[in-house]
Amino acid sequence: MQSYLGSLFIFVAAVCWGFLGPMGRIAMDEGLSPTEVAFWRAAFACCFFLLHAARARTLKVRSVADLGAFALFGLVSIASFFACYQYAVQNGGSALSSVLLYTAPAWVAVFSRIIFGEAFTAVKLAAIGMALAGVICISFSGTGASPPPSAAGQSFPLAGVLFGLLSGLLYSTHYIFSKNYLKYYTTFTLYGFSMIFAVLAMLPFVSHFPGTPAAWGAVLFLAFICTYTAYWAYCEGLKRLAPTKAAVLCTLEPVIATALAWWMWGERFTGVGWVGAALVIGAVLVLVLGPGKETAEAEPGR
């Protein structure tokens, strides 16, 4: 039962994250740079997380060592990841960035084997392969946004590839770090403190406030829905699932993002895109219904 509930939480997170592209696109169309979009997203989300932690009376850190870990997580897994992904989109386009971001399940499987001793089973390897193949089909199905001017006409956008690969690696660290520290902290405490350091790291690169109602609406949506709500649901799911399974379930996100792009901007959903969606959903079913019992971590104190 816990495994099914965990899968439901991860699905909610994937839906919330599916709005990242559309909302980010709106904010950048209103004049914000990629780093500024990342900054305002983190800044407002930090406030939401800290307010929740304060209300729940969990606004405390066990040790200076944990505070140092939060600083590292904020700098590497939040600030660097948020910014790298936006620059991957800017330099390589949405399709390339999405493919490279979802190398994360493979990174998670490697880290989980090293850190948690999680075995490479045939089911997990098959699900990872199906999910990645599905993401590739979706990304190259003609549903994504047109490549940005900086990437147009480039046969091999090196900067986009490098930023995309780095974003996938950085994204994978969320699973590993959260799995360890959710034993001792609530989601809101963990992300609230970590985002303080992320915001401080990005502050020197920010020179503009959101200048229009659309920009304010986009960054607030990014902060509350795509970050605060998404990470809460994601961490609730991660308490009940192994890191690799959670990572692969999150590949539902590009399926949802594709549907939103079609609905909001009329971007075509081709036959290849449907094949990709079927592969991703199939990977989810393989994990959820496949053999093997997941061991959930103990729920942290609230």
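The working numbering puts the first residue of the sequence shown at 258, with every later residue one more than the last.
Where a beta carbon is used, it is the ideal one built from N, C-alpha and C, also for glycine.
- Task: Assign residue 493 to one of three DSSP states: helix, strand, or coil.
- Result: helix
- Task: Could you round the C-beta distance between residue 534 and residue 386 to whole angstroms and report it? I think they count as a contact, below 8 Å.
- Result: At roughly 16 Å, the Cβ-Cβ gap does not stay under 8 Å, so residue 534 and residue 386 are not in contact.
- Item | Beta-carbon separation (whole angstroms), residue 339 vs residue 295, contact threshold 8 Å | Sure, about 4 Å apart at Cβ, within 8 Å.
- Item | Local conformation of residue 329 per DSSP, three classes | helix
- Item | Status (buried if at least 16 other CB within 10 Å, exposed otherwise) for residue 471 | exposed
- So which of 265, 542 and 301 has the shortest CA-CA distance to residue 485? 301
- Query: Do residue 435 and residue 426 have their CB atoms nearer than 8 Å?
  - Reply: no
- Secondary structure of residue 464, DSSP reduced to three states: coil
- Message: Three Cβ pairs or more, each shorter than 8 Å: is that satisfied between the segment 477-491 and the segment 357-371?
- Response: Pairwise C-beta distances place the segment 477-491 out of contact with the segment 357-371, as fewer than three of them are shorter than 8 Å.
- Query: In its own chain, which residues sit with a C-beta less than 7 Å from the C-beta of residue 364, not counting the 5 before and 5 after it?
  - Reply: 425, 426 and 429
- Message: Given this structure, state the Cα-to-Cα distance separating residue 576 from residue 273, to the nearest angstrom.
- Response: What is shown of the chain runs 258 to 559, which leaves residue 576 out entirely.
- Task: Can you grab the Cα-Cα spacing for the pair residue 266 / residue 515, in whole Å?
- Result: Using only the alpha carbons, I get a separation of about 20 Å.
- In its own chain, which residues sit with a C-beta less than 6 Å from the C-beta of residue 423, not counting the 5 before and 5 after it? 341
- Message: Please report the distance separating the alpha-carbon of residue 358 from that of residue 537.
- Response: 15 Å
- Which residue's Cα is closest to the Cα of residue 509: 449, 389, 454 and 458? 389
- Message: For residue 451 and residue 468, what's the separation of their Cα atoms in angstroms?
- Response: 27 Å
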